Amino acid sequence: MKKLDATQLLPCPFCGAAVEVGEEIERIGRNRHRIVIRCSACPAAMELVFSQASHSNLVSMHRDMMVEKWNRRAGATT
Ligand SMILES: [Zn+2]
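For the sequence shown, numbering that gives the first Met the number 0 begins at 0 and goes up steadily by one.
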């Protein structure tokens with residue numbers, strides 16, 4: 000799995016540990032692109048799988064959306 004830059008991600012909301020983010024391409028049948036945000040210390044994880052993008056900016060768009068969701072905290076005012 001290719002490692003991505005995790006500096007813009009907040010720590011795990013459950014245990015406070017740093018998170019890792021990676022992406023990989025499955026080549027079983029139709030190519031599928033997988034992006035995973037995963038806590039380094041507990042089982043918390045977020046995963047998104049989609050058909051491999053023909054446009055590379057679709058990948059970064061999905062990734063930006065995941066980062067935004069991961070960083071969202073229920074009850075946060077901002
Ligand atoms: Zn955690």
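Where a beta carbon is used, it is the ideal one built from N, C-alpha and C, also for glycine.
In this text, all values refer to a predicted model and were calculated from it rather than measured experimentally.
Beta-bridge partners assigned by DSSP to residue 38: 18.
For the pair residue 76 and residue 9, the Cα-to-Cα distance works out to about 16 Å. In the DSSP annotation of this structure, residue 5 is not part of any beta strand (DSSP E), being labelled neither H nor E. DSSP places residue 45 within a strand segment (E or B) once states are collapsed to three.
Residues of the same chain with a CB within less than 8 Å of the CB of residue 69, apart from the 5 flanking positions on each side, are 8, 9, 18, 36, 45 in chain order.
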